[in-house]
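Residue numbers (full-length UniProt numbering): 1 to 511. We treat Cβ as the ideally placed atom computed from N, Cα and C, and that holds for glycine. Keep in mind that this is a model prediction, so the values were computed, not measured. Okay, structure first, notes after.
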């Protein structure tokens, strides 16, 4: 791995730090390619550094920007070369998941995330100079961003249509990390089709269905991909899948778990759309089995997200499965994802006879709900789905509050399987953190697609599609995978227990 300094020099830096002498009475104007930038919050000079609103400067450089108020993190994604930038307010800075040195951390000023300007050498294509006489910072973006690696004649282009900004950005980011690692390993070991190299073409759908359609069209028509991976979430995967069907270019969603991703409203299978995650009904049934048989609990309160097809889909099957096993639903409450106060729903559940709460939502909501429940004195177990899988869950809920909680998932990095341990070690060495289920699914999806391309014997979309549909006993990180008639994988479900903030394998549920 390159050292931090070389990383900062090898990629296009989107954080500019430019030192202004402390005697400068006011912040200078910022001029990009001859155009004066207008900021909703004026630049400020602090300890000799000029800070500007992060959104304005990034968007001026053709990047998408997202600010997560919970984790106090600013994230930006370059539309031109796929570079990702993450800044923690008053903390660290990362480029493409690698920590880089920054002279002064990002700050919140007048409620706005502000970032310092930094000198970028000519080797990066950007000249930054200070016009002392006129109190101006001049930025000349000579060739914008570092161009993507040109396509070699023997490259096989795979599109990545992922949520790299927006409300589920962490899902896309972690999945792409796994995909990129797999592609590197595949290329290192000979590529596909007897020596052809995989080239990934990465694009940000901004966690938006309309944007995903545009991205998928561009990947197919302009980038000439032979297949694609993503999106991560179901509604967005459905939108992208329609384009995959239109152009007959295979698509594998790694975590789009709603059944209608691969089977349309008329009951017909989407020939060119696949998934390598299990479906919502699949894990809903597994969750019911775990609660009834492993925990030995029968009285269940359901707390679902009324705004999420993912949550409602899991609940539908869970409820039927629980009742068929002999369990009883004693309370059923809903919340709207993104809210911050869940006390009304939790108090109703507290007054019920519930022995366990089933909470199939996303980590950002689940973390707050569990924290508030413990504050209200609710100490019964929580059980959730794979939407919980994020390192941010512990940050939001707190390690102690998460004790006596469980969730169904696809993967656990501490699994003793030698294949899993080899992957986890490789991932930690590359990214400095443990892989989650999203990263593992991305890794497996890339290998699954490469396997299908090799079995197809060419890069024809129809042949790749047929190879994917006929997949049997593919050996991945999560064991054996066989594709069923609806393009859903048949494989094990992991049940994870949270113990003092750490994920521990509770059991594996076989199909």
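So what does DSSP say about residue i, is it helix, strand or coil?
{"i": "residue 305", "result": "strand"}
{"i": "residue 72", "result": "coil"}
{"i": "residue 232", "result": "coil"}
{"i": "residue 166", "result": "coil"}
{"i": "residue 322", "result": "helix"}
{"i": "residue 225", "result": "coil"}
{"i": "residue 53", "result": "strand"}
{"i": "residue 95", "result": "strand"}
{"i": "residue 193", "result": "coil"}
{"i": "residue 36", "result": "strand"}
{"i": "residue 278", "result": "coil"}
{"i": "residue 205", "result": "coil"}
{"i": "residue 507", "result": "strand"}
{"i": "residue 502", "result": "strand"}
{"i": "residue 220", "result": "helix"}
{"i": "residue 402", "result": "coil"}
{"i": "residue 269", "result": "strand"}
{"i": "residue 213", "result": "helix"}
{"i": "residue 176", "result": "helix"}
{"i": "residue 291", "result": "helix"}
{"i": "residue 187", "result": "helix"}
{"i": "residue 496", "result": "strand"}
For the candidate residues the options, whose alpha-carbon lies nearest to that of residue i?
{"i": "residue 180", "options": "501, 451, 327 and 431", "result": "431"}
{"i": "residue 275", "options": "39, 493, 488 and 57", "result": "488"}
{"i": "residue 373", "options": "314, 303, 295 and 436", "result": "303"}
{"i": "residue 391", "options": "362, 282 and 375", "result": "362"}
{"i": "residue 203", "options": "232, 186 and 190", "result": "232"}
{"i": "residue 456", "options": "444, 470, 445 and 443", "result": "470"}
{"i": "residue 30", "options": "47, 46 and 51", "result": "51"}
{"i": "residue 368", "options": "353, 458, 336 and 107", "result": "336"}
{"i": "residue 375", "options": "57, 319 and 350", "result": "350"}
{"i": "residue 371", "options": "352, 358, 360 and 346", "result": "346"}
{"i": "residue 70", "options": "328, 42 and 397", "result": "397"}
{"i": "residue 109", "options": "85, 102, 211 and 42", "result": "42"}
{"i": "residue 333", "options": "300, 492, 278 and 495", "result": "300"}
{"i": "residue 111", "options": "54, 410 and 378", "result": "54"}
{"i": "residue 503", "options": "410, 317 and 36", "result": "410"}
{"i": "residue 484", "options": "278, 418 and 225", "result": "278"}
Please return the same chain residues whose Cβ sits closer than 8 Å to the Cβ of residue i, not counting the five positions on each side in sequence.
{"i": "residue 105", "result": "87, 88, 89, 90, 91, 92 and 93"}
{"i": "residue 500", "result": "399, 400 and 403"}
{"i": "residue 543", "result": "Because the chain is modelled from 1 through 511, residue 543 falls outside the range shown and cannot be assessed."}
{"i": "residue 192", "result": "156, 186, 198, 450, 453 and 454"}
{"i": "residue 329", "result": "300, 301, 302, 319, 322 and 323"}
{"i": "residue 213", "result": "239, 240, 242 and 243"}
The beta strand (DSSP E) that contains residue i, what's its start and end?
{"i": "residue 159", "result": "155–162"}
{"i": "residue 480", "result": "479–483"}
{"i": "residue 513", "result": "Nothing can be reported for residue 513, as the shown portion of the chain is limited to 1 through 511."}
{"i": "residue 331", "result": "328–335"}
{"i": "residue 44", "result": "44–46"}
{"i": "residue 84", "result": "84–88"}
{"i": "residue 109", "result": "107–109"}
{"i": "residue 343", "result": "That residue, residue 343, is in no beta strand (DSSP E); its alpha helix (DSSP H) goes 343–350."}
{"i": "residue 462", "result": "That residue, residue 462, is in no beta strand (DSSP E); its alpha helix (DSSP H) goes 461–469."}
{"i": "residue 519", "result": "Shown here, the chain extends from 1 to 511; a query on residue 519 therefore has no answer."}
{"i": "residue 252", "result": "251–253"}
{"i": "residue 384", "result": "382–384"}
{"i": "residue 112", "result": "112–116"}
Assuming residue i and residue j are in contact, meaning their beta carbons sit under 8 Å apart, how far apart are those beta carbons, in whole angstroms?
{"i": "residue 244", "j": "residue 228", "result": "7 Å"}
{"i": "residue 314", "j": "residue 356", "result": "15 Å between Cβ atoms; not a contact."}
{"i": "residue 198", "j": "residue 186", "result": "6 Å"}
{"i": "residue 44", "j": "residue 58", "result": "About 17 Å; that fails the 8 Å criterion."}
{"i": "residue 342", "j": "residue 175", "result": "About 28 Å separates the two Cβ atoms, so there is no contact after all."}
{"i": "residue 323", "j": "residue 385", "result": "About 18 Å separates the two Cβ atoms, so there is no contact after all."}
{"i": "residue 444", "j": "residue 476", "result": "4 Å"}
Leaving out five residues before and five after residue i in sequence, what residues of the same chain have Cβ atoms less than 6 Å from its Cβ?
{"i": "residue 220", "result": "247 and 249"}
{"i": "residue 434", "result": "413"}
{"i": "residue 442", "result": "175, 178, 179 and 254"}
{"i": "residue 116", "result": "17, 49, 51 and 104"}
Residues in its own chain within less than 7 Å of residue i by CB, not counting five upstream and five downstream?
{"i": "residue 215", "result": "161, 203 and 205"}
{"i": "residue 258", "result": "234, 280, 309, 310 and 313"}
{"i": "residue 479", "result": "491 and 492"}
{"i": "residue 253", "result": "230, 231, 237, 261 and 275"}
{"i": "residue 395", "result": "71"}
Name the two residues that bound the continuous alpha helix (DSSP H) containing residue i.
{"i": "residue 61", "result": "From DSSP, residue 61 is part of no alpha helix (DSSP H); its letter is neither H nor E."}
{"i": "residue 392", "result": "392–397"}
{"i": "residue 454", "result": "437–456"}
{"i": "residue 513", "result": "Residue 513 lies beyond the stretch modelled for the chain, which goes from 1 to 511, so this question has no answer here."}
{"i": "residue 262", "result": "From DSSP, residue 262 is part of no alpha helix (DSSP H); its letter is neither H nor E."}
{"i": "residue 517", "result": "The chain is shown from 1 up to 511; residue 517 falls before or after that span and cannot be answered."}
Any beta-carbon of chain D closer than 7 Å to the one on residue i?
{"i": "residue 488", "result": "Of the protein chains in this structure there is only one, and it is not chain D."}
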